[in-house]
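Asker: Here's a structure for you.
Number of protein chains: 2
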Amino acid sequence: MAEARTGTRRQRVEQKEQAIIAAARAVFQEHGFDGAKIAEIAKLAGVAEGTVYLYFENKNALLLAVAAEFYDRLTRDAAEGIKDLPDTAAKLTFLARHHMERVAAEWPMLGMAMTPAKVSDEYRQSEEYQLNRTYVEVFDQVIRDGVNRSEIRADLPLSVVRDLFYGGLEYGARTMRMRPSKTDIDETIANFMLILTAGMFVPPVQAEAGGGADKMQAVLSRLEKVAGRLETAAD
Amino acid sequence: MAEARTGTRRQRVEQKEQAIIAAARAVFQEHGFDGAKIAEIAKLAGVAEGTVYLYFENKNALLLAVAAEFYDRLTRDAAEGIKDLPDTAAKLTFLARHHMERVAAEWPMLGMAMTPAKVSDEYRQSEEYQLNRTYVEVFDQVIRDGVNRSEIRADLPLSVVRDLFYGGLEYGARTMRMRPSKTDIDETIANFMLILTAGMFVPPVQAEAGGGADKMQAVLSRLEKVAGRLETAAD
DNA sequence: CATATATACTGAGTCAAGATCATTATTCCT
DNA sequence: AGGAATAATGATCTTGACTCAGTATATATG
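Sequence order for the protein chains is A and B. All residue numbers for the first sequence refer to our numbering, where the first residue is 1 and numbers rise by one. All residue numbers for the second sequence refer to our numbering, where the first residue is 236 and numbers rise by one.
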């Protein structure tokens with residue numbers, strides 16, 4: 001077969017592709033997307049400028065390749081990390097920490113990678129969207145499981161939960177990058193989860209807003225009284 | 236005084252500046268930042284290309300001017316809108332809706348305006364950051380007031396609350412833009428506020444974290460015991 | 001091994017668009 | 001009116017993404 005014989009050639013080609021992606025990652029990291037020059041990437045990868053265009057259609061495709069690698073790792077690690085955790089709360093806490101750490105670390109690149117597309121109205125058709133979709137599917141499944149296990153409210157649209165979760169984390173990651181000294185990631189995540197768990201309002205108000213809290217209290221005390229009477233009677 | 240006499244000249248200059256900003260807004264809206272050409276902006280504003288550079292240092296400064304106008308309106312309307320609202324919950328609901336509507340409407344421009352800076356490590360020194368800071372100060376004050384009135388938990392760092400709020404809204408706005416048909420803004424905001432108010436976990440779990448849950452758990456287990464005894468007795 | 005053909009690579013050249021600046025026009029003041 | 005200050009112009013420069021005609025390398029064939 002002709003194909004079998006091209007094995008080593010193909011390897012060399014793939015190796016070169018990897019070299020270009022690696023060079024691109026480094027240069028994007030250092031200079032951002034607009035600041036990065038194809039010339040520099042080519043030089044770092046040890047190829048001519050034109051060669052870059054044999055492997056990638058344009059600068060954007062190159063960025064996308066870098067982003068794809070990042071998302072692959074991110075998604076794999078997320079799925080792996082929650083596998084053995086006992087309940088929804090633990091899984092969400094893991095995902096929150098995982099996301100914040102990774103995004104905070106590689107933010108410059110990722111931000112540049114994903115934002116232009118997010119902005120456009122054709123985001124859903126873009127490959128960036130698909131990468132993100134696959135990643136976020138891990139989260140979605142945790143929520144669906146949580147709903148099935150009656151750990152998560154069934155009346156919330158998944159999209160709202162997801163947006164709040166990842167939107168909050170993205171902004172939080174930015175804050176962390178801005179003042180790394182003052183902010184402790186564990187504390188931030190704990191507070192983040194606390195709000196998602198118990199809300200940001202103080203308990204009385206929270207109960208009021210939830211509806212029927214007073215009634216519930218009344219019911220409870222009545223039940224207590226009745227139970228007491230029953231117990232007495234039974235004895 | 237020389238200054239007094241330059242009044243009308245200054246007016247004309249300011250008018251031209253406004254014309255350029257307006258043209259820039261239109262062109263950015265239509266083509267995005269990278270797609271916008273200074274030549275087109277100049278033409279639309281009725282000036283020569285070079286003139287644009289007399290008023291603005293570069294393309295970025297032009298974008299910043301557009302963003303500044305947007306933020307000014309946004310901040311003013313936010314402050315105005317919450318003025319007469321009775322409590323923290325109402326104010327936050329207003330701010331959420333206000334933010335989501337505006338951001339969803341002018342997203343392409345704003346996204347392009349704010350993201351490059353957000354990405355950089357010097358974001359805090361940037362003018363973009365200051366615009367955002369002033370806007371968000373309205374929210375911060377609502378939260379501080381809420382804490383003083385004992386409506387908002389005092390143990391949450393403001394930055395976490397803020398990041399969750401605006402991060403969630405930004406992602407939510409994007410989702411709305413992506414599927415405008417399927418999503419109703421009022422419903423989205425209601426669910427958004429519900430999570431921030433009562434958490435996303437089902438009430439029992441939420442109660443545990445909220446405190447006062449012990450009592451309820453105690454009551455419940457007593458009831459179970461009693462019920463069990465009653466069932467036995469009934470047999 | 002030599003030749004032919006296909007595949008991979010190169011870097012000088014093209015082009016588009018942001019920014020500049022010498023030149024020209026307008027306004028203002030005496 | 002005349003001259004100084006201010007404003008505006010657009011041809012020109014610069015930069016960097018992208019192209020392509022040409023060269024080198026690898027593979028197949030006689």
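No residue lacks a Cβ here, since even glycine has one placed at the ideal position from N, Cα and C.
#1: With a 10 Å radius around its C-beta and 16 neighbouring C-beta atoms as the bar for buried, classify residue 163(A) as buried or exposed.
#2: Should residue 326(B) be labelled buried (16 or more other beta-carbon atoms within 10 Å of its own) or exposed?
#3: State yes or no: is the beta carbon of residue 137(A) nearer than 8 Å to at least one beta carbon in chain B?
#4: Is residue 123(A) close to chain B, meaning its C-beta is less than 8 Å from at least one C-beta of that chain?
#5: What's the call for residue 212(A), buried or exposed, on a 16-neighbour Cβ count within 10 Å?
#6: Determine the direct distance from the alpha carbon of residue 67(A) to that of residue 409(B), and round the result to whole angstroms.
#7: Beta-carbon of residue 281(B) versus every beta-carbon of chain A: anything under 8 Å?
#8: What's the C-alpha gap between residue 416(B) and residue 50(A)?
#9: Can you say whether residue 167(A) is buried or exposed, counting buried as having 16 or more other CB atoms within 10 angstroms of its CB?
#10: If you draw a straight line from the alpha carbon of residue 264(B) to that of residue 253(B), how long is it in whole angstroms?
#11: Check residue 427(B) in the structure and name its three-state DSSP category.
#12: Quick check: the Cα distance between residue 86(A) and residue 158(A), rounded to an integer number of angstroms?
#13: Going by beta carbon distance, what residues of the same chain come within less than 7 Å of residue 407(B), once the five residues before and after it are set aside?
#14: If you count every other CB in all the chains shown that lies within 10 Å of the CB of residue 440(B), and 16 or more means buried, which is it?
#15: Which residues, taken in chain order from the segment 387 to 399 of chain B, show a beta carbon closer than 9 Å to some beta carbon of chain A?
#16: Apply the 10 Å Cβ neighbour rule to residue 277(B) and answer buried if 16 or more other Cβ atoms are within range, or exposed otherwise.
#17: So, using beta-carbon positions, are residue 152(A) and residue 437(B) closer together than 8 Å?
#18: If residue 370(B) sits next to residue 432(B), beta carbons under 8 Å apart, how far is it from one beta carbon to the other, in whole angstroms?
#19: Can you find a heavy atom of the ligand GDP that lies under 7 Å from the Cβ of residue 349(B)?
#20: Could you give the first and the last residue of the continuous alpha helix (DSSP H) run that contains residue 105(A)?
#21: Work out the CA separation of residue 287(B) and residue 275(B) for me, nearest whole Å.
#22: Run through chain A and tell me which residues come within less than 7 Å of residue 335(B), C-beta to C-beta.
#23: What are the uninterrupted segments assigned as alpha helix (DSSP H) that are 4 or more residues long and contained completely in the segment 359 to 392 of chain B, given in chain order?
#24: Within the 8 Å Cβ cut-off, does residue 202(A) reach chain B?
#25: Determine which residues share a DSSP beta bridge with residue 436(B) and list them.
#26: Any beta carbon of chain B sitting closer than 8 Å to that of residue 188(A)?
#27: Looking at the structure shown, is residue 416(B) part of a helix, part of a strand, or coil, going by DSSP?
#28: Quick one: what does DSSP say residue 255(B) is sitting in, helix, strand or coil?
#29: Classify residue 280(B) as helix, strand or coil using the three-state DSSP reduction.
#30: Three-state secondary structure (DSSP) at residue 59(A)?
#31: Which of helix, strand or coil does DSSP assign to residue 64(A)?
#32: At a Cβ threshold of 8 Å, is residue 369(B) touching chain A?
#33: Note down, in chain order, every chain B residue with its Cβ under 7 Å from the Cβ of residue 148(A).
#34: Is residue 329(B) close to chain A? Criterion is C-beta to C-beta, closer than 8 Å.
#35: Kindly say whether residue 17(A), judged by its beta-carbon, lies nearer than 8 Å to any beta-carbon of chain B.
Answerer: The short version:
#1: Residue 163(A) is buried by the Cβ-count criterion.
#2: Answer is buried; the Cβ neighbour count reaches 16.
#3: So, not an interface residue.
#4: Contacts with chain B at 8 Å (Cβ-Cβ) include residue 123(A).
#5: Bear in mind that the predicted position of residue 212(A) carries a pLDDT of just 48, short of 50, making it too unreliable to give a figure here.
#6: One C-alpha to the other measures close to 20 Å.
#7: Chain A, which has no Cβ nearer than 8 Å to the Cβ of residue 281(B), makes this no.
#8: In this structure, the CA atom of residue 416(B) is about 45 Å from the CA atom of residue 50(A).
#9: Taking a 10 Å sphere around the C-beta of residue 167(A), we find 16 or more other C-beta atoms and assign the residue as buried.
#10: Cα-Cα distance, rounded: 16 Å.
#11: In this structure, residue 427(B) counts as helix in the three-state DSSP scheme.
#12: A direct Cα-to-Cα measurement between residue 86(A) and residue 158(A) gives close to 21 Å.
#13: If we look at residue 407(B) and ignore the five residues flanking it on each side, its Cβ neighbours are 335, 423 and 427.
#14: A caution first: residue 440(B) carries a pLDDT of 38, below 50, which makes its placement in the model too unreliable to give a value.
#15: Per Cβ criterion, the list reads 387, 388, 389, 390, 391, 392, 394, 395, 396, 397, 398 and 399.
#16: By the neighbour-count rule (16 or more Cβ atoms within 10 Å), residue 277(B) is buried.
#17: Cβ atoms of residue 152(A) and residue 437(B): closer than 8 Å.
#18: Wrong, their Cβ atoms sit about 23 Å apart, outside the cutoff.
#19: For the ligand GDP, the structure offers nothing, since it holds no ligand at all.
#20: Note, residue 105(A): alpha helix (DSSP H), 88 to 105.
#21: Roughly 11 Å between the two C-alpha positions.
#22: Simply none; closest approach about 11 Å.
#23: With a minimum length of 4 residues, the continuous alpha helix (DSSP H) runs that stay inside the segment 359 to 392 of chain B are 362 to 383.
#24: Yes, residue 202(A) counts as interfacial toward chain B.
#25: Answer by DSSP bridge pairing, in chain order: 152(A).
#26: So yes, residue 188(A) belongs to the interface.
#27: Residue state, collapsed to three classes: coil.
#28: Helix at residue 255(B).
#29: In the structure shown, residue 280(B) adopts helical secondary structure according to DSSP, grouped into three states.
#30: Here residue 59(A) sits in helix by DSSP.
#31: Reduced to three states, the DSSP call for residue 64(A) is helix.
#32: Judged by the 8 Å Cβ criterion, residue 369(B) is not in contact with chain A.
#33: Residues of chain B whose Cβ lies closer than 7 Å to the Cβ of residue 148(A) do not exist, since the nearest Cβ in that chain is about 12 Å away.
#34: Not closer than 8 Å to any Cβ of chain A, the Cβ of residue 329(B) fails to qualify, so no.
#35: Residue 17(A) does not count as touching chain B.
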